[in-house]
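Undergrad:
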Amino acid sequence: MDTSTALQFLLLPAGALGVAALARWRDWSAPLLLVVAGLAASYVPGVPDYSLDPHIVLLVFLPPMLYSAALDSSYLRLRDAARPVGLLAVGLVLATTLVVGFVAHAIVPQLPLAAAFALGAIVAPPDAVSAVAIGRRLGLPRRALTILVGESLFNDATALTAYRVAVGAMTGAAAGLLDIGGQFLLAAGLGVAIGLAIAYLAGFVLRRLDDALISNGVSLLVPYAAYLAAEAVHASGVIAVVIVGIYLGHELSRTTYGTRLLSGAVWKVADLVLESIVFALIGLQLRPIIAGLDGERPQELATYAIVLFLVVVLVRIAWVPPSTYLPRMLSRRVRAREPKTPSWQNVMLTSWAGMRGVVSLAAAFALPENFPQRNLLLFLTFAIVVGTLIVHGLSFPWLIRRLGVSTARERYGDDLAEAGAQQAAAAAALARLEELTSDGVLDVHEEVVEQLRARAERKALHAWERLGGGIGPEGEETPASLYRRLRREMLAAEREVFVRMRDERRIDDEVLHRVMQELDFEEATLERG
Numbered sequence: 018m019d020t021s022t023a024l025q026f027l028l029l030p031a032g033a034l035g036v037a038a039l040a041r042w043r044d045w046s047a048p049l050l051l052v053v054a055g056l057a058a059s060y061v062p063g064v065p066d067y068s069l070d071p072h073i074v075l076l077v078f079l080p081p082m083l084y085s086a087a088l089d090s091s092y093l094r095l096r097d098a099a100r101p102v103g104l105l106a107v108g109l110v111l112a113t114t115l116v117v118g119f120v121a122h123a124i125v126p127q128l129p130l131a132a133a134f135a136l137g138a139i140v141a142p143p144d145a146v147s148a149v150a151i152g153r154r155l156g157l158p159r160r161a162l163t164i165l166v167g168e169s170l171f172n173d174a175t176a177l178t179a180y181r182v183a184v185g186a187m188t189g190a191a192a193g194l195l196d197i198g199g200q201f202l203l204a205a206g207l208g209v210a211i212g213l214a215i216a217y218l219a220g221f222v223l224r225r226l227d228d229a230l231i232s233n234g235v236s237l238l239v240p241y242a243a244y245l246a247a248e249a250v251h252a253s254g255v256i257a258v259v260i261v262g263i264y265l266g267h268e269l270s271r272t273t274y275g276t277r278l279l280s281g282a283v284w285k286v287a288d289l290v291l292e293s294i295v296f297a298l299i300g301l302q303l304r305p306i307i308a309g310l311d312g313e314r315p316q317e318l319a320t321y322a323i324v325l326f327l328v329v330v331l332v333r334i335a336w337v338p339p340s341t342y343l344p345r346m347l348s349r350r351v352r353a354r355e356p357k358t359p360s361w362q363n364v365m366l367t368s369w370a371g372m373r374g375v376v377s378l379a380a381a382f383a384l385p386e387n388f389p390q391r392n393l394l395l396f397l398t399f400a401i402v403v404g405t406l407i408v409h410g411l412s413f414p415w416l417i418r419r420l421g422v423s424t425a426r427e428r429y430g431d432d433l434a435e436a437g438a439q440q441a442a443a444a445a446a447l448a449r450l451e452e453l454t455s456d457g458v459l460d461v462h463e464e465v466v467e468q469l470r471a472r473a474e475r476k477a478l479h480a481w482e483r484l485g486g487g488i489g490p491e492g493e494e495t496p497a498s499l500y501r502r503l504r505r506e507m508l509a510a511e512r513e514v515f516v517r518m519r520d521e522r523r524i525d526d527e528v529l530h531r532v533m534q535e536l537d538f539e540e541a542t543l544e545r546g
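If you want the numbering used here, it's the position in the sequence shown, counting the first as 1, plus 17.
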């Protein structure tokens, strides 16, 4: 590889991270800004063509992004939301595939029905990365976020299966409907089994590793191992990766504290880099896609793109409310299992969270070269993906604010539950301390015992004071809030001393790193408070 080629490879992630940094600084939607920047950059003279290789996307980018989202999700909340997640991840994907397929076949001349269904499967799965990021920042309720995350974790498996069926029908390799259903169930079942097997093995290894660096290094390999193992036996690699991520995320609390601290940082950085590159790549596909449309009439292309974009949006809007409320109306069991009726605001937000992503483009680029109307399908996929990212990406934050959705009650409930748990934990800690220091079990200085006792009691007190937002009943600053503020000032002063002593060569850099890490851990604890 020569220097110019190496610089081209470096240019994409460097430029993507620069745009992402600007978005984070200005509090803008990073996926939207990256796509727009990629669109603009694709026509800048001297910018190389970045061709989207579907194999690289599905093997290099998709497994860690799915794994990270699954790792950060809640198994218990996903289990509680299994019905709405299934209706979106399976039912809505298949409905979108069929409706888009029939409409595309009707409006696009000489587009075979099987090829139209392939387009429907390609654009069917939403990518909830940006919607979830916006929702978390603006306070979307927890159940709505859980449903969006669950949908994005499982809908790719449904869409890719429908895609393979449609492509097989077009190329003459399709089987009967019963065979297709059996193949889907077999692929999904094998994916779950392989995911559970790898999850158990990885969990067994990770629980026995005391080295946080090694355990997180192993964790980076896990999604690729799950994906490749499943795909090697023609199972669903997507489902295998998701199952592993959900299982290990549930078991993460049983690993060492160092593994947990480092894991959060590792996957946040991985997400930032991968998502930045992916969304920039989406925008950079404009020029090569347009170049493949020689001879097509722009007005017809625009008409096809607008009509199919509206179909994709309207199918979701038409699907979500009935699938939310009808099962509750028709089934007493559903009402008993889900006693709280979803608010119309949450239903509306779920209906509007239909942004598409790189999986759709990767599937489109994976179409065989001799596939009917391949260049047109690439263009329509690109138009729908970019259209949903721009339209939904710009309007979703406004809609959340306009509907007045708030998680204040959820946050108060969380704080109240945490305060009770902290008090119970402090009582258990004090009881254990009393057990260790009574009857001469351990010879401990009384000052040490008092410090430990005060620390346990202070943690419980902090949790109760947090319910008031750090403000006392008379508007004064609570002791816990005052303690954190003063301690942060003391930590800043300590850092200045350590840095000055390093600059004066009175301590080594290694000593500085060690003491700074201790101060950082303490400040992280204060910020948590």
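Glycine included, every Cβ here is placed at the ideal spot set by N, Cα and C.
Taking the alpha helix (DSSP H) that residue 239 belongs to, which residues open and close that run?
TA: 229 to 249
Undergrad: Just how far apart, CA to CA, sit residue 389 and residue 125?
TA: 12 Å
Undergrad: Buried or exposed, going by whether 16 or more other CB atoms sit within 10 Å of the CB of residue 260?
TA: buried
Undergrad: From residue 385 to residue 303, what does the alpha carbon distance come to, in whole angstroms?
TA: The alpha-carbon atoms of residue 385 and residue 303 are separated by roughly 20 Å.
Undergrad: Using beta-carbon positions only, say whether residue 294 and residue 30 come within less than 8 Å of one another.
TA: yes
Undergrad: Of the residues 76, 64, 55 and 57, which one's Cα is nearest the Cα of residue 379?
TA: Between residue 379 and the set 76, 64, 55 and 57, the nearest pair of CA atoms involves 76.
Undergrad: Please state whether the Cβ-Cβ distance between residue 157 and residue 422 is less than 8 Å.
TA: yes
Undergrad: Where do the N-terminal and C-terminal ends of the alpha helix (DSSP H) with residue 358 fall, by residue?
TA: Counting along the chain, residue 358 falls outside any alpha helix (DSSP H), and DSSP gives it neither H nor E.
Undergrad: Do residue 368 and residue 328 count as a contact pair if the criterion is CB distance below 8 Å?
TA: no
Undergrad: Classify residue 42 as helix, strand or coil using the three-state DSSP reduction.
TA: helix
Undergrad: Between the C-alpha atoms of residue 213 and residue 97, what's the straight-line distance to the nearest angstrom?
TA: 20 Å
Undergrad: Using the rule of at least 16 other Cβ atoms within 10 Å of the residue's Cβ for burial, across every protein chain shown, is residue 373 buried or exposed?
TA: The residue is buried, with at least 16 neighbouring Cβ atoms inside 10 Å.
Undergrad: Any idea what DSSP makes of residue 526, helix, strand or coil?
TA: Correct three-state label for residue 526: helix.
Undergrad: Quick one: what's got a C-beta closer than 7 Å to residue 400's C-beta in the same chain, skipping five residues either side?
TA: Cβ neighbours of residue 400 within its own chain (closer than 7 Å, five residues either side excluded): 322 and 326.
Undergrad: Report back the beta-carbon spacing between residue 151 and residue 102 to the nearest angstrom; my notes put them in contact at under 8 Å.
TA: Not quite, the Cβ-Cβ distance comes to about 19 Å (not below 8 Å), so this is no contact.
Undergrad: Along the chain, which unbroken stretches of the alpha helix (DSSP H) at least 4 residues long are found entirely within the segment 85 to 112?
TA: 92 to 97 and 99 to 103
Undergrad: Mind checking whether residue 404 and residue 52 have CB atoms under 8 Å apart?
TA: no
Undergrad: Assign residue 339 to one of two classes, buried (16 or more other C-beta atoms within 10 Å of its C-beta) or exposed (fewer than that).
TA: exposed
Undergrad: Residue 324 by DSSP, collapsed to three states: which one?
TA: Look at residue 324 here: in three-state DSSP terms it is helix.
Undergrad: Quick one: is residue 359 buried, meaning 16 or more other Cβ sit within 10 Å of its Cβ, or exposed?
TA: buried
Undergrad: Residues in its own chain within less than 6 Å of residue 508 by CB, not counting five upstream and five downstream?
TA: 536 and 540
Undergrad: How about residue 120 and residue 324: do their beta carbons lie closer than 8 Å?
TA: yes
Undergrad: Go to residue 382, then tell me how far its alpha helix (DSSP H) extends in each direction, as first and last residue.
TA: In the DSSP assignment, residue 382 falls within the unbroken alpha helix (DSSP H) covering 375 to 382.
Undergrad: Taking the alpha helix (DSSP H) that residue 399 falls in, what are its first and last residues?
TA: Residue 399 -> alpha helix (DSSP H) spans 391 to 419.
Undergrad: Report yes or no: do the segment 236 to 247 and the segment 215 to 224 share at least 3 C-beta pairs separated by less than 8 Å?
TA: yes
Undergrad: Roughly how many whole angstroms lie between the Cα atoms of residue 59 and residue 440?
TA: 57 Å
Undergrad: Starting from the N-terminal side, write out each stretch of the alpha helix (DSSP H) that is 4 residues or longer and does not extend beyond the segment 250 to 277.
TA: 254 to 268
Undergrad: Just the C-alpha distance for residue 67 and residue 141, rounded to the nearest angstrom, thanks.
TA: 25 Å
Undergrad: Rounded to the nearest angstrom, what separates residue 161 and residue 109 at their Cα positions?
TA: 16 Å
Undergrad: With 16 other CB atoms within 10 Å as the buried threshold, where does residue 286 fall?
TA: exposed
Undergrad: Give me, in chain order, the residues of the same chain whose beta-carbon lies closer than 6 Å to that of residue 257; leave out the 5 immediate sequence neighbours on both sides.
TA: 208, 211, 212, 243 and 247
Undergrad: Residue 441 by DSSP, collapsed to three states: which one?
TA: Here residue 441 sits in helix by DSSP.
Undergrad: Which whole-angstrom value describes the C-beta separation of residue 224 and residue 178, a residue pair presumed to lie in contact below a C-beta threshold of 8 Å?
TA: Going by Cβ atoms, the distance from residue 224 to residue 178 rounds to 34 Å, so no, they are not a contact pair.
Undergrad: Between the Cα of residue 306 and those of 24, 396 and 344, spot the shortest distance and give me the residue it belongs to.
TA: Taking only the C-alpha atoms, the option nearest residue 306 is 396.
Undergrad: If you compare alpha carbons, which of 498, 86, 334 and 137 is closest to residue 289?
TA: It is 86.
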